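K.L.:
Structure in structure tokens, see below.
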Amino acid sequence: MTSSSQAQPGQPPVPSAEAQALHRALFTLDSHIDIPWPDRGDAFEDTETRRVDLPKMQKGGMSAGCFVAYIAQAMVNAEGHAQAQAQCLAMLDVINTMQGTHNGVTARVCSTVAEITAAYEAGVLAVIPAVENGYAMGDNPAVLVQFRAKGARYVTLTHNGHNALADAAVHRPSLGDKPENHGGLSVLGREAVREMNRLGLLIDVSHASKKTMLQAVAASAVPVVASHSCVRTLCDHPRNLDDEQLDALKESGGVIQITAMPAFLKPKDENGARSAGVSAFVDHIDYVVRRIGAEHVGISSDFDGGGALADWQNATQGVNLTAELLRRGYDKSEIAAFWGGNFMRLLARAEAVAAEQTGTIG
Ligand SMILES: [Zn+2]
450 MTSSSQAQPG QPPVPSAEAQ ALHRALFTLD SHIDIPWPDR GDAFEDTETR RVDLPKMQKG
510 GMSAGCFVAY IAQAMVNAEG HAQAQAQCLA MLDVINTMQG THNGVTARVC STVAEITAAY
570 EAGVLAVIPA VENGYAMGDN PAVLVQFRAK GARYVTLTHN GHNALADAAV HRPSLGDKPE
630 NHGGLSVLGR EAVREMNRLG LLIDVSHASK KTMLQAVAAS AVPVVASHSC VRTLCDHPRN
690 LDDEQLDALK ESGGVIQITA MPAFLKPKDE NGARSAGVSA FVDHIDYVVR RIGAEHVGIS
750 SDFDGGGALA DWQNATQGVN LTAELLRRGY DKSEIAAFWG GNFMRLLARA EAVAAEQTGT
810 IG
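Now the structure itself:
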């Protein structure tokens, strides 16, 4: 098919030739992707069970992805911390195996802007490690050095449930959480923020409580990122950022990476049903652009961590998002900023601050 005209029943419209060409020409980075755990050793296979594997990224014109070592919140005690740390290091090791050439796909694990850029220029997929949940460092900020040594570029302060660093947006009474345990960041959390700044790790405020997020913005020497969150004014979910939080992001130079989680994108309709696609996703981008500017918003899928839209089901379908952005009137430079330029600016800033503080790069 050559135009955007004909859609198969139940299928999204075929993207225009212009959208397809633009998508192929862009540097496209997805800032939040989970990995299966336990590992199945199938990152280089096009599997039915993964929404993101390296062949799907290549087929879908994706350039780079942040793959997270996600650690579920459990009890805040020495045993829980030891388990979380061990699992996180093991998951980062698996993410570090996602390189080389297999099945006609070449990927490289990258942990600096220079490495990501070099991979892109070589036509090689860039795999960027990250950590989801500061629980993985337990109560010892020195563990962050090990995460960075394994290539991690951001740490999400919390998941669902408070940890030793900070309060989360969603508390877990079953783990003994009060609505607030710390009133935002703990003393340890502030120490972790300083250490992350020193190491070039971005501070990810997705999953953090509002107080934690605003305190992290104030405490961090580097603008923070929300690696996978949406807009609370459009969908009142505690995982989303409200206008005051968006304004704080703008003030500090941070970025919100809108994510493909239907429950964060659209309230249920009067029948209790919800269906969200790239149109709802771009509604959230539009809102952020109007309120705080196009330099403060980006794109994440949360694929294999619960994310998926009707017309963005896996890494082969990112072009549908590019097509919708074109339909809304965004130009190439704006779409490039959303698809990775803004996130890369934060990585570069984190590297610059780390270099100032330690005399080394990244
Ligand atoms: Zn998450």
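Going by our numbering, the first residue of the sequence shown is number 450, and it counts up by one from there. Every residue, glycine too, gets a C-beta built ideally from N, C-alpha and C. Computed from a predicted model, the values in this text were never measured in an experiment.
Among Ile748, Ser782, Gly649 and Leu775, which residue has its Cα nearest to the Cα of Gly808?
P.N.:
Here residue 808 refers to the residue found at position 359 when the sequence shown is read from its first residue. It is Gly649 whose Cα lies nearest to the Cα of Gly808.
K.L.:
Which value, in whole angstroms, describes the spacing of the CA atoms of Arg739 and Leu690?
P.N.:
Indexing the sequence shown from 1 puts residue 739 at position 290. Indexing the sequence shown from 1 puts residue 690 at position 241. Looking at the two C-alpha atoms, the distance is approximately 15 Å.
K.L.:
Can you tell me where the beta strand (DSSP E) holding Leu478 begins and where it ends?
P.N.:
On the sequence shown, position 29 is the one that residue 478 refers to. Segment Leu478 to Asp483, the beta strand (DSSP E) holding Leu478.
K.L.:
Quick one: what's got a C-beta closer than 8 Å to Arg798's C-beta in the same chain, skipping five residues either side?
P.N.:
Taking the first residue of the sequence shown as 1, we reach residue 798 at position 349. Non-local beta-carbon contacts of Arg798 in its own chain, meaning distances under 8 Å to residues more than five positions away in sequence, involve Val671, Pro672 and Gly702 in chain order.
K.L.:
Only counting the same chain, and skipping five residues up and downstream in sequence, which positions put a Cβ closer than 6 Å to that of Pro504?
P.N.:
The count along the sequence shown starts at 1 and reaches residue 504 at position 55. Annotation for Pro504: Asp495 and Val554 place their beta carbon closer than 6 Å to its own, counting only its chain and skipping 5 residues before and after.
K.L.:
Exposed or buried, Asp685, counting other C-beta atoms within 10 Å across all chains shown (16 or more means buried)?
P.N.:
Your numbering for residue 685 matches position 236 in the sequence shown. With fewer than 16 other Cβ atoms within 10 Å, it is exposed.
K.L.:
With hydrogens ignored, establish whether the beta-carbon of Asp751 is closer than 7 Å to any heavy atom of ligand 1.
P.N.:
Locating residue 751 in the sequence shown gives position 302, counting from the first residue. Asp751 Cβ: within cutoff of ligand 1.
K.L.:
Got a sec: does ligand 1 put a non-hydrogen atom nearer than 7 Å to the Cβ of Ser658?
P.N.:
On the sequence shown, residue 658 is found 209 positions in, with the first residue counted as 1. No, ligand 1 has no heavy atom inside 7 Å of this Cβ.
K.L.:
On the DSSP letters alone, give me the boundaries of the alpha helix (DSSP H) that Pro711 sits inside.
P.N.:
Here residue 711 is taken as the residue at index 262 of the sequence shown, counted from 1. Pro711 -> alpha helix (DSSP H) spans Pro711 to Leu714.
K.L.:
Have a look at the DSSP bridge pairing and note the partners of His551.
P.N.:
Position 102 of the sequence shown, counted from the start, is the residue given in the question as residue 551. For His551, which the question treats as bridged, DSSP gives the partners Val554.
K.L.:
Could you tell me which whole beta strand (DSSP E) segments of length 3 or greater appear in the segment 577-641?
P.N.:
Secondary structure remark: continuous beta strand (DSSP E) runs of at least 3 residues inside the segment 577-641, in chain order: 603-605.
K.L.:
Can you give me the C-alpha to C-alpha distance between His745 and Val680, rounded to a whole angstrom?
P.N.:
Position 296 of the sequence shown, counted from the start, is the residue given in the question as residue 745. Position 231 of the sequence shown, counted from the start, is the residue given in the question as residue 680. If I take the Cα positions, the gap works out to 13 Å.
K.L.:
Taking three-plus beta-carbon pairs below 8 Å as touching, is the segment 781-789 in contact with the segment 466-480?
P.N.:
yes
K.L.:
Give every residue of the same chain whose Cβ lies closer than 7 Å to the Cβ of Gln536, excluding the five residues on either side of it in the sequence, and list them in chain order.
P.N.:
What you label residue 536 is simply residue 87 of the sequence shown in a count that begins at 1. For Gln536, same chain residues with a beta-carbon under 7 Å away, outside a window of 5 residues either side, are Ile520 in chain order.
K.L.:
Is Ser655 near ligand 2, going by C-beta to nearest heavy atom under 7 Å?
P.N.:
In terms of ligand content, the structure shown lacks ligand 2 and carries ligand 1 instead.
K.L.:
For Val576, which option in Tyr584, Ala601 and Gly583 has the closest C-alpha, if you only look at C-alpha atoms?
P.N.:
As a position in the sequence shown, residue 576 is number 127, starting the count at 1. Of the residues Tyr584, Ala601 and Gly583, the one whose Cα lies closest to the Cα of Val576 is Ala601.
K.L.:
Is the CB-CB distance between Gln534 and Gly610 below 8 Å?
P.N.:
Looking up residue 534 in the sequence shown gives position 85. Looking up residue 610 in the sequence shown gives position 161. For Gln534 and Gly610, no; Cβs fall outside 8 Å.
K.L.:
Which residues does DSSP pair with Ile705 in a beta bridge?
P.N.:
As a first step, residue 705 must be located in the sequence shown, where it is residue number 256. Ala675 and Val746.
K.L.:
With hydrogens ignored, establish whether the beta-carbon of His530 is closer than 7 Å to any heavy atom of ligand 1.
P.N.:
Position 81 of the sequence shown, counted from the start, is the residue given in the question as residue 530. Not under cutoff, so the answer is no.
K.L.:
In this structure, does DSSP put Ala523 in helix, strand or coil?
P.N.:
The count along the sequence shown starts at 1 and reaches residue 523 at position 74. Of the three classes helix, strand and coil, the one that applies to Ala523 here is coil, per DSSP.
K.L.:
Closer than 8 Å is the cut-off here; do at least three beta carbon pairs connect the segment 723-742 with the segment 704-715?
P.N.:
yes
K.L.:
Within its chain, find whatever has a CB closer than 7 Å to the CB of Gly811; leave out the 5 residues flanking it on each side and keep chain order.
P.N.:
Working through the sequence shown from its first residue, we reach residue 811 at position 362. Residue placement at Gly811 cannot be trusted, given a pLDDT of 46 that sits under 50; what the coordinates show is reported in the next sentence. Only Ser560, Thr561, Gly649, Glu800 and Ala803 meet the Cβ criterion.
K.L.:
So, Leu420 versus Ile741, is the Cβ gap smaller than 8 Å?
P.N.:
This structure cannot settle anything about residue 420, because the visible part of the chain is limited to 450 through 811.
K.L.:
Taking 7 Å as the cut-off, is the beta-carbon of Gly514 closer than that to any non-hydrogen atom of ligand 1?
P.N.:
Here residue 514 is taken as the residue at index 65 of the sequence shown, counted from 1. No, the Cβ of Gly514 stays beyond 7 Å of every heavy atom of ligand 1.
K.L.:
On the DSSP letters alone, give me the boundaries of the alpha helix (DSSP H) that Leu770 sits inside.
P.N.:
Here the question's residue 770 lines up with position 321 in the sequence shown. Note, Leu770: alpha helix (DSSP H), Gly767 to Arg776.
K.L.:
Can you tell me whether Glu744 sits near ligand 1, meaning its C-beta is under 7 Å from at least one heavy atom of the ligand?
P.N.:
The residue you call residue 744 lines up with position 295 of the sequence shown. Answer for Glu744: no, Cβ out of range of ligand 1.
K.L.:
Buried or exposed: which applies to Val636, given that a residue is buried once 16 or more other Cβ atoms fall within 10 Å of its Cβ?
P.N.:
Within the sequence shown, residue 636 is the residue found at index 187, counting from 1. Flag for Val636 reads exposed.
K.L.:
Would you mind working out which of Thr566, Gly638 and Leu574 sits nearest Ser512, comparing C-alpha positions?
P.N.:
Mapped onto the sequence shown, residue 512 falls at position 63. Selected option, being the one with the closest Cα: Leu574.
K.L.:
Just verifying my parser: in three-state terms, what is the DSSP assignment at Phe730?
P.N.:
As a first step, residue 730 must be located in the sequence shown, where it is residue number 281. The answer is helix: DSSP assigns Phe730 an H, G or I state.
K.L.:
Quick check on DSSP: helix, strand or coil for Asp696?
P.N.:
The count along the sequence shown starts at 1 and reaches residue 696 at position 247. Three-state result, Asp696: helix.
K.L.:
Quick test of your reading: Val517 and Val580, contact by CB under 8 Å. State the CB separation rounded to the nearest angstrom.
P.N.:
Sequence index remark: in the sequence shown, residue 517 carries index 68 (1-based). Sequence index remark: in the sequence shown, residue 580 carries index 131 (1-based). Right, the Cβ-Cβ distance comes to about 7 Å (below 8 Å), so this counts as a contact.
K.L.:
Is it the case that the CB of Gly754 approaches a heavy atom of ligand 1 more closely than 7 Å?
P.N.:
Taking the first residue of the sequence shown as 1, we reach residue 754 at position 305. The answer is yes for Gly754.
K.L.:
Could you say which of Gln507, Glu629 and Arg647 lies nearest to Lys659 if we only look at CA atoms?
P.N.:
Position 210 of the sequence shown holds residue 659. Nearest of Gln507, Glu629 and Arg647 to Lys659, Cα basis: Glu629.
K.L.:
Does Gly406 pass the burial test, meaning 16 or more other C-beta atoms within 10 Å, or should it be called exposed?
P.N.:
The structure shown has nothing for residue 406, since the chain only spans 450 to 811.
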